[in-house]
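**Student:** There's a structure below that I have some questions on.
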Amino acid sequence: QVPPADFPRIVGRISFFVNAGIRFLTEICKMRAFTEMWDEICRSRYGVEDPKMRRFRYGVQVNSLGLTESQPENNVYRILLETLAVTLSKDARARAVQLPAWNEAMGLPRPWDQQWSLRLQQVLAFETDLLEFRDIFAGNPAIDAKVRELTAAANAEIALVAAEGGVVAALESGYLKRELVAAHAARRRAIEAGDLTVVGVNRYTETAESPLTSGEDGAVLSVDPAVEAEEIAKMRAWKAARDGASVTAALADLDSAARERRNIMPASVAAARAGVTTGEWGEALRQVFGQYRPPTGIGSSDLVQPEGPLAARVAALAEVLGHTPRFLVGKPGLDGHSNGAEQIALRAQSAGFAIIYKGIRQTPDEIAELALSEGADLIGLSILSGSHMVLAEAVRDALAERGLGHLPIIIGGIVPPKDAATLEANGIAAVFTPKDFDIAAILDDVTGIAEARYLRRNTSAAE
């Protein structure tokens with residue numbers, strides 16, 4: 002749907018979203034490798050002649066996954082080093098940098114926390130001489146050797162994806178997701194074994210009290226529940242004030258474009274100008290294409306490693322229940338951060354649980370219906386969006402409406418200590434946060450919760 006003459010311009014407008022990690026010298030080499038590879042791919046495979054159109058344009062999210070709840074002040078250094086990884090090399094420099102706040106492993110950042118991350122970028126750009134030099138890594142033999150090594154590994158991975166039938170086929174088969182989950186699983190096991198050092202987590206854990214986290218607010222933002230109602234009221238006012246006929250016509254044109262497999266961009270732009278909301282736009286497309294549910298990456302037996310003594314406890318629990326314990330891992334709300342849920346699901350599967358996991362962005366009712374239809378024995382909710390209080394109550398109510406109020410609910414995610422205490426006081430069986438980095442220990446506690454619930458029920462029934 003793109004005229005050949007416009008193709009190079011389209012390529013030149015492609016922008017990638019890249020993650021940057023703490024091993025910042027390797028990350029510099031990675032970005033230099035990406036830059037060289039993209040230039041070559043655009044030139045040789047797609048015939049783009051203009052070097053400007055072949056430039057690797059990318060924005061970056063420095064690695065929130067590496068931020069820690071334990072000794073969170075150390076995150077400031079991590080964020081800085083990861084920023085240097087994508088800014089030091091001029092020839093492979095990021096066009097936009099998105100920095101997390103130092104306390105994102107604790108809760109929602111406050112405006113001051115976000116400002117601190119912004120100031121890091123401003124000091125780097127305006128106080129240092131970073132922007133005054135040509136690429137300082139050009140011609141460095143150690144850097145060049147690492148770039149060649151990474152390029153060879155990346156090309157080998159591209160060949161594997163091609164063997165799968167291309168990137169779309171590799172997505173649909175679950176290959177890409179399995180590889181991501183496997184890589185993260187290996188990292189988690191290395192941290193737990195002490196083979197990969199995380200300062201303040203598995204080494205150098207002794208610490209004085211931090212003045213950054215000792216305030217009454219717990220160093221995180223608490224959102225007033227009234228904000229949700231205010232935003233809903235604003236949306237209703239917006240809808241009431243717009244031209245309803247224009248909205249209806251725009252949505253009808255969008256529907257037609259989608260059904261006829263036309264380019265939906267013109268219809269989408271027209272819909273936005275008519276006042277169509279993002280939710281309405283998405284729902285119109287869902288009516289045509291359905292809701293995409295990607296592979297979860299946890300179904301492969303290749304990733305399962307026996308969990309030893311824990312597996313024996315789960316097997317004993319299965320004898321009491323009369324079936325393999327069924328552990329539903331749910332991702333309620335719009336939170337798309339799935340790494341934690343996937344690792345819990347994978348390791349629980351290794352321990353002998355039957356895992357029920359359907360991926361991200363489920364409603365509380367969908368989770369409760371799934372628990373009912375699959376006969377779940379335990380509910381685990383992964384919530385990193387700051388909406389844990391509302392979502393926990395909504396899921397609990399949805400379960401109770403279906404006669405499942407007895408099921409233990411466990412929450413994992415970014416939950417401030419004060420909220421965790423409130424949740425547990427209101428009936429949540431346990432709350433786990435990033436400080437609980439040992440997944441085997443988490444699952445040991447989860448198994449204990451199941452034993453306490455079901456062994457007690459069976460004993461009471463026998464009496």
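Under our numbering, the first residue of the sequence shown is numbered 2, with each subsequent residue one higher.
Beta carbons: idealized from backbone N, C-alpha and C, even for Gly.
Note that the coordinates shown come from a computational prediction; the quantities given were computed from them, not determined experimentally.
(1) Counting Cβ pairs closer than 8 Å, one from the region 193–202 and one from the region 378–395, do we hit at least three?
(2) DSSP state of residue 295, grouped into three classes?
(3) Using 10 angstroms around the beta-carbon of residue 302, count the other beta-carbons present and answer buried if the total reaches 16, otherwise exposed.
(4) Give the DSSP-derived three-state secondary structure of residue 350 in the structure shown.
(5) Between the beta-carbon of residue 294 and the beta-carbon of residue 360, is there less than 9 Å?
(6) If you measure between the beta carbons of residue 124 and residue 61, is that distance less than 9 Å?
(7) Kindly indicate which residue of 343, 336 and 331 has the alpha-carbon position closest to the one of residue 371.
(8) DSSP three-state label for residue 450, please.
(9) Per DSSP, residue 1 is paired with what?
(10) Report yes if the CB atom of residue 387 is closer than 9 Å to the CB atom of residue 415, and no otherwise.
(11) Does the distance from the C-beta atom of residue 272 to that of residue 259 stay below 9 Å?
(12) Just the Cα atoms here: how many angstroms apart are residue 137 and residue 76?
(13) Rounded to whole angstroms, what is the Cα-Cα separation between residue 113 and residue 338?
(14) Relative to the C-alpha of residue 317, which candidate in 57, 173, 452 and 164 has its C-alpha closest?
(15) So, under 8 Å CB-CB, residue 128 and residue 65 are touching, yes? Tell me the CB distance rounded to an integer number of Å.
(16) Do residue 327 and residue 357 have their C-beta atoms within less than 9 Å of each other?
(17) Distance, Cα to Cα, residue 278 vs residue 153?
(18) Using three-state DSSP, classify residue 59 as helix, strand or coil.
(19) On the criterion of 16 or more Cβ atoms from any shown chain inside 10 Å, does residue 211 qualify as buried, or is it exposed?
(20) Quick one: give me the first and last residue of the beta strand (DSSP E) that residue 99 is part of.
(21) Return the residue from the list 148, 222 and 162 that minimises the CA-CA distance to residue 93.
(22) List the whole-angstrom C-beta distance separating residue 1 from residue 417, where the pair is believed to meet the contact cut-off of C-beta under 8 Å.
(23) Fully enclosed by the region 391–439, which beta strand (DSSP E) runs are 3 residues long or longer?
(24) Among 288, 268 and 32, which residue has its Cα nearest to the Cα of residue 145?
(25) Give me the residue from 383, 435, 413 and 369 with the minimum Cα distance to residue 406.
(26) Please return the same chain residues whose Cβ sits closer than 7 Å to the Cβ of residue 30, not counting the five positions on each side in sequence.
(27) Alpha carbon to alpha carbon, what distance is there between residue 366 and residue 400?
(28) Under three-state DSSP, which class holds residue 197?
(29) Assuming contact is defined by CB atoms lying nearer than 9 Å, are residue 312 and residue 352 in contact in what I supplied?
(30) Might you give, ordered along the chain, the residues of its own chain that have their beta carbon closer than 6 Å to the beta carbon of residue 26, omitting 5 neighbours on each side?
(31) Can you tell me the Cα-Cα spacing of residue 275 and residue 267, whole angstroms?
(32) Among residues of its own chain, excluding the 5 on either side of residue 347, which ones have a beta-carbon nearer than 7 Å to its beta-carbon?
(33) Distance check for residue 420 and residue 454, CA to CA, integer angstroms please.
(34) Helix, strand or coil: how does DSSP classify residue 456 here?
**Tutor:** This is what the structure holds:
(1) no
(2) By 1-based counting over the sequence shown, the position of residue 295 is 294. DSSP places residue 295 in coil when its eight states are reduced to three.
(3) In the sequence shown, counting from the first residue as 1, residue 302 sits at position 301. Low confidence applies here, because residue 302 scores a pLDDT of 49, under 50, leaving its location unreliable; read the following figure in that light. That one is exposed.
(4) For this step, residue 350 is matched to residue 349 along the sequence shown. Looking at residue 350 - three-state DSSP - the assignment turns out to be helix.
(5) What you label residue 294 is simply residue 293 of the sequence shown in a count that begins at 1. What you label residue 360 is simply residue 359 of the sequence shown in a count that begins at 1. Yes; because the gap between Cβ atoms is below 9 Å, this pair is in contact.
(6) Reading the sequence shown from its first residue, position 123 is the one you call residue 124. Reading the sequence shown from its first residue, position 60 is the one you call residue 61. No, they are not a contact pair.
(7) Within the sequence shown, numbered from 1, the residue matching residue 371 stands at position 370. Measuring from the Cα of residue 371, the nearest candidate turns out to be 331.
(8) Within the sequence shown, numbered from 1, the residue matching residue 450 stands at position 449. In the structure shown, the three-state DSSP call for residue 450 is helix.
(9) A question about residue 1 goes unanswered here, because the residues of the chain that appear run from 2 up to 464.
(10) The count along the sequence shown starts at 1 and reaches residue 387 at position 386. The count along the sequence shown starts at 1 and reaches residue 415 at position 414. Yes, they are a contact pair.
(11) Locating residue 272 in the sequence shown gives position 271, counting from the first residue. Locating residue 259 in the sequence shown gives position 258, counting from the first residue. No, the Cβ-Cβ distance between residue 272 and residue 259 is not below 9 Å.
(12) In the sequence shown, the residue the question calls residue 137 occupies position 136. In the sequence shown, the residue the question calls residue 76 occupies position 75. For residue 137 and residue 76, the distance between alpha carbons rounds to 27 Å.
(13) If you number the sequence shown from 1, residue 113 lands on position 112. If you number the sequence shown from 1, residue 338 lands on position 337. In a straight line, the C-alpha of residue 113 is about 24 Å away from that of residue 338.
(14) Counting from 1 along the sequence shown, the entry for residue 317 is found at position 316. The shortest Cα separation from residue 317 among 57, 173, 452 and 164 belongs to 452.
(15) As a first step, residue 128 is located in the sequence shown; it is residue number 127 there, counting from the start. As a first step, residue 65 is located in the sequence shown; it is residue number 64 there, counting from the start. About 25 Å separates the beta carbon of residue 128 from that of residue 65, a gap too long to meet the 8 Å contact definition.
(16) Locating residue 327 in the sequence shown gives position 326, counting from the first residue. Locating residue 357 in the sequence shown gives position 356, counting from the first residue. Against a cut-off of 9 Å, the Cβ pair of residue 357 and residue 327 comes out as a contact.
(17) For the purposes of this step, residue 278 is identified with residue 277 of the sequence shown, where counting begins at 1. For the purposes of this step, residue 153 is identified with residue 152 of the sequence shown, where counting begins at 1. If I take the Cα positions, the gap works out to 45 Å.
(18) For this step, residue 59 is matched to residue 58 along the sequence shown. Looking at residue 59 - three-state DSSP - the assignment turns out to be strand.
(19) Working through the sequence shown from its first residue, we reach residue 211 at position 210. Result: exposed.
(20) The count along the sequence shown starts at 1 and reaches residue 99 at position 98. It spans 97–99 - the beta strand (DSSP E) in which residue 99 sits, taken as one unbroken run.
(21) The sequence position of residue 93 within the sequence shown is 92, counting from 1. When each option's Cα is compared against that of residue 93, the closest is 148.
(22) The requested residue 1 is not part of the displayed model; the chain covers only 2 to 464.
(23) 410–414 and 431–433
(24) Along the sequence shown, one-based indexing puts residue 145 at 144. Closest option to residue 145, Cα to Cα, is 32.
(25) Here residue 406 refers to the residue found at position 405 of the sequence shown. Comparing Cα positions, the closest option is 369.
(26) In the sequence shown, residue 30 corresponds to position 29, counting from 1. Excluding residues within five positions, the ones whose Cβ falls inside 7 Å are 144, 147, 148 and 151.
(27) In the sequence shown, residue 400 corresponds to position 399, counting from 1. In the sequence shown, residue 366 corresponds to position 365, counting from 1. Each residue's alpha carbon lies about 8 Å from the other.
(28) By one-based count along the sequence shown, residue 197 stands at place 196. In this structure, residue 197 counts as coil in the three-state DSSP scheme.
(29) Counting from one through the sequence shown, the residue named residue 312 turns up at place 311. Counting from one through the sequence shown, the residue named residue 352 turns up at place 351. Contact: yes.
(30) Residue 26 sits at position 25 when you count from the first residue of the sequence shown. Closer than 6 Å at the Cβ level, and outside the excluded window around residue 26, lies no residue.
(31) Sequence index remark: in the sequence shown, residue 275 carries index 274 (1-based). Sequence index remark: in the sequence shown, residue 267 carries index 266 (1-based). Cα to Cα, the separation comes out at about 12 Å.
(32) Here residue 347 refers to the residue found at position 346 when the sequence shown is read from its first residue. Counting only Cβ-Cβ distances below 7 Å, and skipping sequence neighbours, we find 182, 186, 299 and 304.
(33) Residue mapping note: residue 454 aligns to position 453 of the sequence shown, counting from 1. Residue mapping note: residue 420 aligns to position 419 of the sequence shown, counting from 1. Approximately 23 Å between the Cα atoms of the pair.
(34) The residue you call residue 456 lines up with position 455 of the sequence shown. Reduced to three states, the DSSP call for residue 456 is helix.
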